[in-house]
Amino acid sequence: MREISLLLILICLLSGCTVEKIKEVKPLLVFGERGKKDGQFMNFDGIAVDSKGNIYVADIKKVQVFDEKGKFIRSIGLKEGYFKNEVVGVAINSKDFLICADQNNYRYNIFDSQGQFISSFGSRGTEEGKFLKPQGVCVDDKDNIYTADNEADRVQVFSPEGKFLFKFGKTGSGKGEFDEPESITIYKNRIYVADEGNGRIEYFDMTGTYLGETGRTSVKAISLPDGYGKEYEKDYKSYFARDVEGIVFDKEGFLYGANEDEGVIDLFTEKGDLAGIFTSNEQGGLKKIQGLAVNKEGTKLYVCDLGNVRIQIFDIKTIKEMIKSN
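For the sequence shown, our numbering begins at 104 and goes up steadily by one.
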């Protein structure tokens, strides 16, 4: 592995490009293991954090809730059968209500802060308010709900109660087009969408008008930490090799993008410039990264480490210190 990395660096230096070194960051907390019992995971995807620091993790037919120390509190939806088979994206609104993508029922479910079912919206189809593969979800400061349809290649926006408001996007690789949009987030009156199939993050104004993209162009080689155990496969056309999963902003305007198969997280400035790339220094690092979340205070980053069947939580200040270090 070291020989491969050194060769990659040498080739890059000879060609005149710069080298981006992947940093290893120690997590604040790691919890979880494979299994079907309370607090264990099978195939989890989305993650969100409420105002009290409780952590919500979407895991097949349920959403599991943990306290800030990773202690299991309860499951939502399993006993009542609210999810058919695959609950994926999750979000928390200003009332600590949970909104989650019930993928195989082609809808989104809403639960109150105690985990009690309130309502759902959506059904299978391509008409307004319908879905083919509901995936990502987020809310704005008015609790309006923004949804990413992974198969219909579009974003639809709804009121807090689930009333259709507007939509944007279509299948393609051009400006404002999508190929399997994965997740969605909002920062400073802009809508950001992880456009997985096109290896980029697109952003729009609050009406859905295309503004630009982040992450598709790269001229930097990647230097892996010693013993990472995997070659970082890059095509030098994108920071994301068709696998941008969770995306989230911190309070300082830095954008975190999960590189699923590479097992790293790319960190961009608000302007879209690459600030750095990092992984975990835990054994196994990060593998098949899915959802990302940041707490209300903006101090912690929460990562769905699916490949290692665990949640990892990082201190954002420490991440940035490591990124800036030589």
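Ideal Cβ positions, reconstructed from N, Cα and C, are used throughout, including at glycine.
| Check | Outcome |
| --- | --- |
| Secondary structure of GLN167, DSSP reduced to three states | strand |
| Cβ-Cβ separation, LYS403 to VAL397 (assumed contact under 8 Å), whole Å | 7 Å |
| Contact check, GLY300 vs GLY318, beta carbons under 8 Å | no |
| Whole-angstrom C-beta distance between PHE352 and GLY360, which should lie under 8 Å | Between PHE352 and GLY360 the Cβ distance is about 10 Å, and since that is not below 8 Å, they are no contact. |
| Reference GLY375, options THR382, TYR290, GLY366, closest by Cα | TYR290 |
| THR317, DSSP secondary structure in three states | strand |
| ASP162 CB to nearest heavy atom of the ligand ADP below 7 Å | The ligand ADP is absent from the structure shown, which contains no ligands of any kind. |
| Endpoints, the beta strand (DSSP E) within which THR372 is located | Premise fails: THR372 is in no beta strand (DSSP E) and is neither H nor E. |
| Span of the alpha helix (DSSP H), counted from its first residue to its last, around LYS403 | Careful: LYS403 lies outside any alpha helix (DSSP H), inside the beta strand (DSSP E) at 403-408. |
| Segment limits, alpha helix (DSSP H) that includes THR421 | 419-427 |
| Secondary structure of ILE416, DSSP reduced to three states | strand |
| Status (buried if at least 16 other CB within 10 Å, exposed otherwise) for GLU424 | exposed |
| Local conformation of ASN411 per DSSP, three classes | helix |
| 8 Å contact criterion, which LYS126 and GLY387 should meet: CB distance rounded | With 8 Å as the limit, LYS126 and GLY387 do not qualify as a contact, their Cβ atoms being about 17 Å apart. |
| Coarse secondary structure for GLU299, derived from DSSP in three states | helix |
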